[in-house]
């Protein structure tokens, strides 16, 4: 007998039952890699930079030639010419000499520092006055200062950001090892559902969950595959789930919020695979099912769109991260609760909010609607959680809002 | 003479000079709309729900028939059958009668409340015992409870989330008015640059900025168009900028970190359009240029990738939001600084960090590297700002980290 689990127990179960990083590897071109999850550590294979570089516009010098100089008593150095960008310095600097060097230019041999141009004066007679002493290494980055061969630059499991793309580009990595995107099958069930392009007849509602979940899956790095609306017929649903379990990496069943319909979903999962969890002690979202068919996660979501969204945001997203081997966690922002929210039902309660800044303060305005379809979805900016042992949170208290989406 | 501006002055200038929401409108299918910016308010055009619905599994009743009932003295009601999902209720409930109704079912005429099945007993003789009184309206959402025709559901300028897609689906909006994505031209300049597929020769470095900025632009909702590496030649660069200003909505010039090269960029922008700003008092990122050519923003970025990233994250992203008419703001998360960072140069300083949770506490580990290419990019999770009038932030203090990317 499966008992209702807390959200934390459900997270542990996901960690236990589905293999971390089990999605196959593939290589993608660098320009398609942003947002993808690395399947292998990235090690540097060369020195970056590959030569000693100036970090300023100025004069390459031997630092000892500048010791003791000042505005009033500059060191006078002989000017040996200019280092050109993108070329080997090609000069061997003698003591008492200097060479103009632009930002990023290669330090000539014989030099060990750069003086910023602001502290120099060109006398236009082939000599330069240095007005400020520099220590060896000043205004320089040395070969390998940034990375040396063998250093781990990015770790397996990281979701690549634009800056990471920059780092990969710097190392000349043009083909990037990543996890394949999981294909997520989305099945909506319910006789009351019509396609969103149709006008609902009496007693009917549009299938909100399919397009909403497809958008969410894409945002979380998956490839949504929708299977349309399946009538409340156990054998039809079984066929569809069986097909989806062959074609997809993850299956989402949405709808069937009544007890009888949930039982049907459970029976189907049990007959094709195994049931791991039936019910999560949270509000909204209690009638959630997690199972697996051929090691693939199958999640039965509540029929109500706002509840289906919460359960997906928390658990489906976690499953997608787990399969990709990605351990990134949610980031929550502090906001002041603008209205008291009560909670006294012994379950963790997730409250949708819209975020609004007034007079420089970020407020979380809780969205309350009975079981409204649209007002509990449209314009929401995030959510916070009231733990099960808490009776509510008062207006004016700070809550940590996880931005949804 | 253009003076150096503070970051806040630069933001004001962007607001002033570039028209809010000037990108053309287009309609996209609902399934491509997530992440896009609405170009018009979305109003409800019908009642949602379109009929009175039950929010639970139970019995539709006339509330007055339940008054005074209890566990020990239930109200006995005659059972008139079952409301089927997705159909008109079709029943006219008489006083003293009830009908089974599933979650989401349409309330039959004559009923004004639903009793949860948990508080009922089926006597299997055509009667049902009701053990708990309900008030009129209990466990119901009325027609239009969620939205009524004419209500603004989503506002122009909003970036659509998966939940918004759900709300649009609920209203049957399958074609969504959004702003066109801006095409952002990316030009890298510098004789020292090689394509990332090439092995840099002596004194050369790979063009990191083009792929990094392209990834960032795509993440911020733009369409990157890269123009490759342009040699340090004023007339070549002028031609390229002129071409890009015809083909793109925004132009990014990256590289040219030396004073001379910046002067070239300024001259080109002035000759083709006008220069608005030359220098932002921030670190990194001081040598930033903002101008416009035919009303299109042109931004001259520092050559150093980490600096180019910061300037883009702050100002290019802001410009893209401005053109799309989107006012969303950054969300920052609190984190404990793990090392003291000093700042005493009178400029706002932006510090890259990687975020790490230890013992439940989120730490911001500042990334310090001279002008390292890779270590200042790879693996960074966000940044915080030390204001210009602050001499630094001590280890253990809480900083607000804006997640980059």
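Residue numbers (the working numbering), protein chains in the order written: chain A, 2 to 406; chain B, 2 to 406. Here a beta-carbon is modelled for each residue, glycine too, at the ideal position from N, C-alpha and C. From a predicted model like this one, the values you see are computed outputs, not experimental measurements.
- Query: Would you say residue 117 (chain A) faces chain B, with C-beta separation under 9 Å as the test?
  - Reply: By 1-based counting over the first chain, the position of residue 117 (chain A) is 116. It does not: the Cβ of residue 117 (chain A) has no partner Cβ on chain B nearer than 9 Å.
- Item | Cβ pair residue 105 (chain B), residue 218 (chain A) closer than 9 Å | Here residue 105 (chain B) corresponds to residue number 104 of the second chain, with the count starting at 1. Here residue 218 (chain A) corresponds to residue number 217 of the first chain, with the count starting at 1. For residue 105 (chain B) and residue 218 (chain A), no; Cβs fall outside 9 Å.
- For residue 160 (chain A), does the three-state DSSP call read helix, strand or coil? Along the first chain, read from residue 1 onward, the residue named residue 160 (chain A) stands at position 159. DSSP places residue 160 (chain A) in strand when its eight states are reduced to three.
- Would you be able to state if there are at least three C-beta pairs under 8 Å between the region 165-182 of chain B and the region 35-46 of chain B? yes
- Message: What does the Cβ neighbour count give for residue 359 (chain B), buried or exposed, with the cut at 16 atoms within 10 Å?
- Response: By one-based count along the second chain, residue 359 (chain B) stands at place 358. With fewer than 16 other Cβ atoms within 10 Å, it is exposed.
- Item | Test item: CB-CB of residue 97 (chain B) and residue 110 (chain B) under 9 Å | Looking up residue 97 (chain B) in the second chain gives position 96. Looking up residue 110 (chain B) in the second chain gives position 109. No, they are not a contact pair.
- In chain order, what residues of the region 183-209 of chain A put their CB closer than 9 Å to some CB of chain C? The structure shown has no chain C; the protein chains it does contain are A and B.
- Query: Can you tell me where the alpha helix (DSSP H) with residue 8 (chain B) in it begins and where it stops?
  - Reply: Walking along the second chain from the start, residue 8 (chain B) turns up at place 7. Segment 8-18, the alpha helix (DSSP H) holding residue 8 (chain B).
- Message: Measuring CB atoms only, is the region 375-384 of chain B touching the region 301-318 of chain A, in the sense that at least three cross pairs come out at less than 8 Å?
- Response: no
- Taking the alpha-carbon positions, what's the residue 270 (chain A) to residue 228 (chain B) distance? Residue 270 (chain A) sits at position 269 when you count from the first residue of the first chain. Residue 228 (chain B) sits at position 227 when you count from the first residue of the second chain. Rounded to whole angstroms, residue 270 (chain A) to residue 228 (chain B) spans 53 Å at the Cα level.
- Item | Rounded straight-line distance, which links the Cα of residue 327 (chain A) to that of residue 122 (chain A) | Against the first chain, residue 122 (chain A) aligns to sequence position 121. Against the first chain, residue 327 (chain A) aligns to sequence position 326. About 55 Å.
- Task: Mind checking the region 31-43 of chain A against chain B and listing, in chain order, the residues whose C-beta falls within less than 9 Å of any C-beta there?
- Result: 31, 32, 34, 35, 36 and 43
- Query: Which residues bound the alpha helix (DSSP H) around residue 320 (chain A)?
  - Reply: As a first step, residue 320 (chain A) must be located in the first chain, where it is residue number 319. 318-325 is the span of the alpha helix (DSSP H), which, as asked, contains residue 320 (chain A).
- Item | Minimum C-alpha distance to residue 338 (chain B) - residue among B:117, B:243, B:402 and B:84 | The residue you call residue 338 (chain B) lines up with position 337 of the second chain. Of the listed residues, the one whose Cα sits closest to residue 338 (chain B) is B:402.
- Using the Cα positions of residue 23 (chain B) and residue 324 (chain B), report the straight-line distance between them to the nearest angstrom. The sequence position of residue 23 (chain B) within the second chain is 22, counting from 1. The sequence position of residue 324 (chain B) within the second chain is 323, counting from 1. If I take the Cα positions, the gap works out to 5 Å.
- Query: Listing by chain order, which chain B residues have their CB less than 7 Å from the CB of residue 355 (chain A)?
  - Reply: Within the first chain, residue 355 (chain A) is the residue found at index 354, counting from 1. Within chain B, no residue comes near residue 355 (chain A); the closest Cβ sits about 11 Å away, beyond 7 Å.
- Item | 7 Å Cβ cut-off: residues of chain B touching residue 376 (chain A) | To locate residue 376 (chain A), count along the first chain from 1; it is residue 375. Simply 147 and 148.
- Message: Just verifying my parser: in three-state terms, what is the DSSP assignment at residue 375 (chain A)?
- Response: Reading the first chain from its first residue, position 374 is the one you call residue 375 (chain A). Coil, per DSSP.
- Message: For the region 53-67 of chain B against the region 131-147 of chain B, do three or more pairs of beta-carbon atoms, one drawn from each stretch, fall closer than 8 Å, so that the two count as touching?
- Response: yes
- Query: From which residue to which residue does the beta strand (DSSP E) around residue 336 (chain A) run?
  - Reply: Position 335 of the first chain, counted from the first residue, corresponds to residue 336 (chain A). Segment 333-338, the beta strand (DSSP E) holding residue 336 (chain A).
- Neighbourhood of residue 92 (chain A) by C-beta, 8 Å cutoff - its chain only, sequence neighbours within 5 removed: Along the first chain, one-based indexing puts residue 92 (chain A) at 91. Here the set comprises 81, 82, 84, 100, 109, 110 and 111.
- Could you tell me whether any Cβ in chain B is nearer than 9 Å to the Cβ of residue 283 (chain A)? In the first chain, the residue the question calls residue 283 (chain A) occupies position 282. By this cut-off, residue 283 (chain A) is not an interface position.
- Leaving aside the five residues before and after residue 127 (chain A) along the sequence, list all residues of the same chain whose C-beta is less than 8 Å from its C-beta, in chain order. Here residue 127 (chain A) corresponds to residue number 126 of the first chain, with the count starting at 1. Excluding residues within five positions, the ones whose Cβ falls inside 8 Å are 79 and 80.
- Return the CA-CA distance between residue 29 (chain B) and residue 208 (chain A), expressed in angstroms with no decimal places. To locate residue 29 (chain B), count along the second chain from 1; it is residue 28. To locate residue 208 (chain A), count along the first chain from 1; it is residue 207. Cα-Cα distance, rounded: 19 Å.
- Is there at least one Cβ from chain B nearer than 9 Å to residue 166 (chain A)'s Cβ? Position 165 of the first chain, counting from 1, holds the residue named residue 166 (chain A). Closer than 9 Å: yes.
- Whose C-beta lies closer than 7 Å to the C-beta of residue 18 (chain B) among residues of the same chain, with five residues either side of it excluded? Along the second chain, read from residue 1 onward, the residue named residue 18 (chain B) stands at position 17. Correct list, in chain order: 277 and 293.
- When the distance is taken between beta carbons, is residue 188 (chain A) closer than 9 Å to residue 253 (chain A)? On the first chain, residue 253 (chain A) is found 252 positions in, with the first residue counted as 1. On the first chain, residue 188 (chain A) is found 187 positions in, with the first residue counted as 1. Yes, these two residues count as a Cβ contact at 9 Å.
- Message: Please give me, in chain order, every unbroken run of the alpha helix (DSSP H) with length at least 4 that falls completely inside the region 192-263 of chain B.
- Response: 210-220 and 235-248
- Separation of residue 15 (chain A) from residue 234 (chain B), as counted between CA atoms: Within the second chain, the letter at position 233 stands for residue 234 (chain B). Within the first chain, the letter at position 14 stands for residue 15 (chain A). Approximately 58 Å, taken between the alpha carbons.
- Message: List, in chain order, every chain B residue whose beta-carbon is nearer than 9 Å to that of residue 220 (chain A).
- Response: On the first chain, position 219 is the one that residue 220 (chain A) refers to. Residues of chain B passing the Cβ test: 35, 36, 162 and 163.
- Please report how far the alpha carbon of residue 340 (chain B) lies from the alpha carbon of residue 191 (chain A), in whole angstroms. Position 339 of the second chain holds residue 340 (chain B). Position 190 of the first chain holds residue 191 (chain A). Near 56 Å, if we compare the C-alpha coordinates of residue 191 (chain A) and residue 340 (chain B).
- Query: For chain A, is any of its Cβ atoms less than 9 Å away from the one on residue 287 (chain B)?
  - Reply: Within the second chain, the letter at position 286 stands for residue 287 (chain B). So, not an interface residue.
- Query: What separation, rounded to the nearest whole angstrom, lies between the Cα atoms of residue 380 (chain B) and residue 223 (chain A)?
  - Reply: Counting from one through the second chain, the residue named residue 380 (chain B) turns up at place 379. Counting from one through the first chain, the residue named residue 223 (chain A) turns up at place 222. Taking the straight line joining both Cα atoms gives about 22 Å.
- Spatial distance of residue 141 (chain B) from residue 107 (chain B) (CA atoms): On the second chain, residue 141 (chain B) is found 140 positions in, with the first residue counted as 1. On the second chain, residue 107 (chain B) is found 106 positions in, with the first residue counted as 1. Whole-angstrom Cα-Cα distance: 10 Å.
- Tell whether a beta-carbon distance below 9 Å holds between residue 349 (chain A) and residue 388 (chain A). Mapped onto the first chain, residue 349 (chain A) falls at position 348. Mapped onto the first chain, residue 388 (chain A) falls at position 387. Their beta carbons are under 9 Å apart, which means residue 349 (chain A) touches residue 388 (chain A) by this criterion.
- Task: Could you check which residue in A:250, A:286 and A:290 has the C-alpha nearest to that of residue 268 (chain A)?
- Result: Locating residue 268 (chain A) in the first chain gives position 267, where the first residue counts as 1. For the residues A:250, A:286 and A:290, the minimum Cα distance to residue 268 (chain A) belongs to A:290.
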